[in-house]
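Chemist: Input: one structure, supplied below.
2 protein chains.
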Amino acid sequence: MNNTKLHTATTRKSVVALCGGVGGAKLAMGLNAILGSELTLIVNTGDDFEHLGLYISPDIDSVLYAIAGINDMSRGWGRSQETWAFMESLKELGGETWFQIGDKDLALHIERTRRMRSGEKLSRITTDLSKKLGINCSILPMTDDSVATFIQTNEGLLPFQKYFVMRKCEPISCGIEFRGAESANPLDTAISALSDPHLEAIIICPSNPYLSIDPILSMPLYRDALLNSTAPIVVVSPIIGGKTIKGPADKLMVEMGLQPSSIEIYKHYQSFNIGMVIDNIDSVLKKFIDAPILCTNSVMTSLKDSIRLAEECLSFARYACSEPITHR
Amino acid sequence: MNNTKLHTATTRKSVVALCGGVGGAKLAMGLNAILGSELTLIVNTGDDFEHLGLYISPDIDSVLYAIAGINDMSRGWGRSQETWAFMESLKELGGETWFQIGDKDLALHIERTRRMRSGEKLSRITTDLSKKLGINCSILPMTDDSVATFIQTNEGLLPFQKYFVMRKCEPISCGIEFRGAESANPLDTAISALSDPHLEAIIICPSNPYLSIDPILSMPLYRDALLNSTAPIVVVSPIIGGKTIKGPADKLMVEMGLQPSSIEIYKHYQSFNIGMVIDNIDSVLKKFIDAPILCTNSVMTSLKDSIRLAEECLSFARYACSEPITHR
Numbered sequence: 001m002n003n004t005k006l007h008t009a010t011t012r013k014s015v016v017a018l019c020g021g022v023g024g025a026k027l028a029m030g031l032n033a034i035l036g037s038e039l040t041l042i043v044n045t046g047d048d049f050e051h052l053g054l055y056i057s058p059d060i061d062s063v064l065y066a067i068a069g070i071n072d073m074s075r076g077w078g079r080s081q082e083t084w085a086f087m088e089s090l091k092e093l094g095g096e097t098w099f100q101i102g103d104k105d106l107a108l109h110i111e112r113t114r115r116m117r118s119g120e121k122l123s124r125i126t127t128d129l130s131k132k133l134g135i136n137c138s139i140l141p142m143t144d145d146s147v148a149t150f151i152q153t154n155e156g157l158l159p160f161q162k163y164f165v166m167r168k169c170e171p172i173s174c175g176i177e178f179r180g181a182e183s184a185n186p187l188d189t190a191i192s193a194l195s196d197p198h199l200e201a202i203i204i205c206p207s208n209p210y211l212s213i214d215p216i217l218s219m220p221l222y223r224d225a226l227l228n229s230t231a232p233i234v235v236v237s238p239i240i241g242g243k244t245i246k247g248p249a250d251k252l253m254v255e256m257g258l259q260p261s262s263i264e265i266y267k268h269y270q271s272f273n274i275g276m277v278i279d280n281i282d283s284v285l286k287k288f289i290d291a292p293i294l295c296t297n298s299v300m301t302s303l304k305d306s307i308r309l310a311e312e313c314l315s316f317a318r319y320a321c322s323e324p325i326t327h328r
Numbered sequence: 329m330n331n332t333k334l335h336t337a338t339t340r341k342s343v344v345a346l347c348g349g350v351g352g353a354k355l356a357m358g359l360n361a362i363l364g365s366e367l368t369l370i371v372n373t374g375d376d377f378e379h380l381g382l383y384i385s386p387d388i389d390s391v392l393y394a395i396a397g398i399n400d401m402s403r404g405w406g407r408s409q410e411t412w413a414f415m416e417s418l419k420e421l422g423g424e425t426w427f428q429i430g431d432k433d434l435a436l437h438i439e440r441t442r443r444m445r446s447g448e449k450l451s452r453i454t455t456d457l458s459k460k461l462g463i464n465c466s467i468l469p470m471t472d473d474s475v476a477t478f479i480q481t482n483e484g485l486l487p488f489q490k491y492f493v494m495r496k497c498e499p500i501s502c503g504i505e506f507r508g509a510e511s512a513n514p515l516d517t518a519i520s521a522l523s524d525p526h527l528e529a530i531i532i533c534p535s536n537p538y539l540s541i542d543p544i545l546s547m548p549l550y551r552d553a554l555l556n557s558t559a560p561i562v563v564v565s566p567i568i569g570g571k572t573i574k575g576p577a578d579k580l581m582v583e584m585g586l587q588p589s590s591i592e593i594y595k596h597y598q599s600f601n602i603g604m605v606i607d608n609i610d611s612v613l614k615k616f617i618d619a620p621i622l623c624t625n626s627v628m629t630s631l632k633d634s635i636r637l638a639e640e641c642l643s644f645a646r647y648a649c650s651e652p653i654t655h656r
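Protein sequences appear in the order of chains A and B.
Its first residue numbered 1, the first sequence is counted upward by one per residue in this note's numbering.
Its first residue numbered 329, the second sequence is counted upward by one per residue in this note's numbering.
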């Protein structure tokens, strides 16, 4: 965090954020509200899978819906004012119903699957769908190649959605694999955004580090881009008071022998030149974190919260690098 | 109609009906209500097409929904109490919306497409879906092979659904092709049903002869089975007072230089040993039809109507062959 450049108002600034689904998408909403077309989101696709013959990209979908303002905030996934006639009829016909797909949500899966089968790339389709949904920022899948997250568990090796949705994260994990990550090509536009000389900050959203951000960072060119970045990297910890708001990050940490706290999140990312954003509730942890720290309210329950936290992250990236707001 | 066998109550009787979608499905509902597992329906698949990456079989669907009692009687296609959230969302995303698919209806297309992509045959899937929907009769696609109906028009050669749904049958037709029909294999179970020694009747439902029944009869083994049948063949005319209840049969007839009347329907099928069922309104046409004739109310607006007409058709098949109810 010591190479930050302050840009004048006339310079075209840009920000890149790495994110997964729900938790990450909340901060992405705030960043988008502030930055619009200056924001590039690089989104995990390790959770993508084929189900019912449809290509489903859960994190891309969560981000698209959140940024378009059509996400269901209380459920945490899928679309608002959703209906379920399709699922009910599928059940009557004996189809697989463990993965819930709403009637509105289905339109995205069907349209994307149709285009992918005709040879179009996920990135191109995502860009087009973003435009149709009135989105100004760039939402980029981390790759157009296949990368698949698998969880090693006491019930054997489980594909991500089997672990996450079908088995509700109940099996005890002992390892995570990102098949294809080593050889997958990152998007050129994503690498360009990360090496943009006007890049103001890289934000690592409060997504699951092990399941949502690691798939991105397990691709060597992304890892190198972050290692070589001259822009500050702001990590927003997904652990608040020893727990996650949603998702299995805390449970996974315990199973990996790690104490669920922002200290371990810091350690996870410390090879990069980071600043940490942690919740006020965890301010006591500051002395264990050897990086610039912003203590704030990091719980987001509304768009207003998301915008406030996004503003604080951007401000932290701009100014905290030379003069850390709080530091050990 | 002169080889009919009368069976005793102890003999297992069977009836085969040939049908397309809407109009044919109405009579099929009545036949099913009377015959249950004694009924085999051979259904046109010439209208089948791939749309939005889904394998859609409109006539099979209409028959499944009608027999299961979940069809929309007023709309004439699709499911009752249908919702349209999927289509509305697809429109937002810029997807193709000229072919309407309801949220409930979608479950059938997605489940069937998934199974077909995994290598299962349409006939097997249709049988399974029938069971799931509580259907006792056998609903058989005319073939598991590809047969595609094309319409030659003043706007060029149009695939069936482009002509029928997208262009609303507006182009002027000058010919119809059933691509693949000559080489397609009929279902063994369908041919067996047609040559069953206990077959009591073959009913040609009031479907469009040119678009819904001809695809079946353009497959040589079906044509031969009907030519060689010892069971009476009962044709229910879809033309009532010079018009069809629904669909373009009357318009097509005019474009083919034929007067839309039950006389032309008779001529169309006269190479078979048929009996004709025409509407009371057309009783004046009897003298132009050289076959046993049943004049009755052939308009079906309720299940009760369908059952009454089905009973009359079966009775006509049983008794009219030796003693025609009405004959020239």
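All C-beta atoms, glycine included, are put in the ideal place defined by N, C-alpha and C.
Excluding five sequence neighbours on each side, which residues of the same chain lie with their C-beta closer than 8 Å to the C-beta of A:THR189?
Modeler: Once the five neighbours on either side are set aside, the close Cβ partners of A:THR189 are THR40, SER123, SER138, LEU140.
Chemist: State yes or no: is the beta carbon of B:ALA435 nearer than 8 Å to at least one beta carbon in chain A?
Modeler: Closer than 8 Å to some Cβ of chain A, the Cβ of B:ALA435 qualifies, so yes.
Chemist: Report yes or no: is there a C-beta of chain B within less than 8 Å of the C-beta of A:ASP103?
Modeler: Yes, contact with chain B.
Chemist: Is the beta carbon of B:LEU392 closer than 8 Å to that of B:ILE438?
Modeler: For B:ILE438 and B:LEU392, no; Cβs fall outside 8 Å.
Chemist: Here's the rule I'm using: 16 or more other beta-carbon atoms within 10 Å means buried, otherwise exposed. How should A:MET166 be labelled?
Modeler: That one is exposed.
Chemist: Measure how close the beta-carbons of A:ALA231 and A:GLU200 come, nearest whole angstrom, since I'm counting them as under 8 Å.
Modeler: Their Cβ separation, rounded to whole angstroms, is 6 Å, which keeps A:ALA231 and A:GLU200 in contact under 8 Å.
Chemist: Could you tell me which residues DSSP puts in a beta bridge with A:THR149?
Modeler: For A:THR149, which the question treats as bridged, DSSP gives the partners A:PHE178.
Chemist: Check each residue of the stretch 409-428 of chain B: if its Cβ is closer than 9 Å to any Cβ of chain A, include it; give the result in chain order.
Modeler: If the cut-off is 9 Å between Cβ atoms, the stretch 409-428 of chain B has GLN409, GLU410, THR411, TRP412, ALA413, PHE414, MET415, GLU416, SER417, LEU418, LYS419, GLU420, LEU421, GLY422, GLY423, GLU424 near chain A.
Chemist: Kindly provide the ranges of any alpha helix (DSSP H) runs that are 4 or more residues long and lie completely inside the stretch 81-167 of chain A, ordered along the chain.
Modeler: Fully enclosed alpha helix (DSSP H) runs of 4 or longer: 85-92, 103-117, 122-132.
Chemist: Starting from B:ALA353 and walking both ways along the alpha helix (DSSP H), at which residues does that stretch end?
Modeler: Start and end: 350-363.
Chemist: Among A:ILE245, A:CYS205, A:SER37, whose alpha-carbon lies nearest the alpha-carbon of A:ARG75?
Modeler: Nearest C-alpha to A:ARG75: A:ILE245.
Chemist: Output needed for B:TYR647: all residues of its chain with C-beta closer than 6 Å, excluding positions within five of it in sequence on either side, in chain order.
Modeler: Hits under 6 Å: none found.
Chemist: Quick one: which chain B residues come within Cβ less than 9 Å of A:GLU120?
Modeler: Result: empty, since nearest Cβ-Cβ is about 12 Å, beyond 9 Å.
Chemist: Could you tell me which whole beta strand (DSSP E) segments of length 3 or greater appear in the stretch 573-636 of chain B?
Modeler: Whole beta strand (DSSP E) segments, 3+ residues: 602-607, 621-624.
Chemist: Just curious, the alpha helix (DSSP H) that B:SER342 is in, first and last residue?
Modeler: Unbroken run through B:SER342 is the beta strand (DSSP E), 342-347; no alpha helix (DSSP H).
Chemist: For chain B, find out if any of its Cβ atoms is closer than 8 Å to the Cβ of A:LEU52; answer yes or no.
Modeler: Yes, A:LEU52 lies at the interface with chain B (some Cβ there is under 8 Å from its Cβ).
Chemist: Is the stretch 487-505 of chain B touching the stretch 519-533 of chain B, taking contact as three or more C-beta pairs under 8 Å?
Modeler: Segments in contact, no.
Chemist: First and last residue of the beta strand (DSSP E) that includes B:TYR383?
Modeler: That run of the beta strand (DSSP E) goes 382-384.
Chemist: With a cut-off of 8 Å on the beta carbons, I'd call B:LEU355 and B:CYS533 a contact; round off their distance for me.
Modeler: Confirmed, Cβ separation roughly 5 Å.
Chemist: Counting C-beta neighbours from all protein chains within 10 Å, is the total for B:LEU555 16 or more, i.e. buried, or is it exposed?
Modeler: So B:LEU555 counts as exposed.
Chemist: Would you check if there are 3 or more beta carbon pairs closer than 8 Å linking the stretch 112-131 of chain A to the stretch 89-100 of chain A?
Modeler: Cβ pair count under 8 Å is below three, so no.
Chemist: Once you ignore the five residues that flank A:CYS174 on each side, which residues in its own chain have a CB closer than 6 Å to its CB?
Modeler: For A:CYS174, where only same-chain residues beyond five positions count, the Cβ hits under 6 Å are GLN152.
Chemist: Quick one: what does DSSP say B:LEU515 is sitting in, helix, strand or coil?
Modeler: B:LEU515: coil per DSSP, three-state reduction.
Chemist: List the residues of chain A whose Cβ lies closer than 8 Å to the Cβ of B:ARG445, in chain order.
Modeler: Near B:ARG445 (Cβ distances below 8 Å), the residues of chain A are GLY53.
Chemist: Taking Cβ-Cβ distances shorter than 8 Å, what residues in chain B pair up with A:THR127?
Modeler: Here the premise fails: no neighbours, minimum Cβ distance about 12 Å.
Chemist: Going along chain B in order, which residues have a C-beta closer than 7 Å to the C-beta of A:LYS132?
Modeler: Those within 7 Å of A:LYS132 in chain B are GLU420, LEU421, GLY422.
Chemist: With 16 as the cutoff for other CB atoms within 10 Å, does B:THR629 come out buried or exposed?
Modeler: Under this definition B:THR629 is an exposed residue.
Chemist: Would you call the stretch 455-466 of chain B and the stretch 77-96 of chain A touching, i.e. three or more CB-CB distances under 8 Å?
Modeler: Judged by Cβ distances under 8 Å, the stretch 455-466 of chain B makes contact with the stretch 77-96 of chain A, as three or more pairs qualify.
Chemist: Would a C-beta distance cut-off of 8 Å place B:SER342 and B:ALA521 closer than the cut-off?
Modeler: Cβ distance < 8 Å, so B:SER342 and B:ALA521 count as in contact.
Chemist: Would you report the Cα separation of B:ASN536 and A:ILE191, rounded to the nearest angstrom?
Modeler: In a straight line, the C-alpha of B:ASN536 is about 59 Å away from that of A:ILE191.
Chemist: Check for me: the beta strand (DSSP E) holding B:LEU367 runs from which residue to which?
Modeler: First-last of the beta strand (DSSP E) with B:LEU367: 367-371.
Chemist: Does the CB of A:ILE110 have a neighbour CB from chain B at under 8 Å?
Modeler: Yes, because at least one Cβ of chain B sits closer than 8 Å to the Cβ of A:ILE110.
Chemist: Near A:ASP145, which residues of its chain fall below 6 Å by C-beta distance, leaving aside the five closest residues on each side in sequence?
Modeler: Closer than 6 Å at the Cβ level, and outside the excluded window around A:ASP145, lie ALA184, ASN185.
Chemist: B:VAL344 to A:LEU106, Cα distance in whole Å?
Modeler: Distance between the alpha carbons of B:VAL344 and A:LEU106 is about 38 Å.
Chemist: Out of A:MET253, A:LEU258, A:LYS243, A:ALA291, state which residue places its alpha-carbon closest to the alpha-carbon of A:ILE233.
Modeler: For A:ILE233, the nearest C-alpha among the options comes from A:ALA291.
Chemist: Could you list which residues in chain B have their beta carbon closer than 7 Å to that of A:ARG114, in chain order?
Modeler: Neighbours of A:ARG114 on chain B, chain order: LEU380, GLY381.
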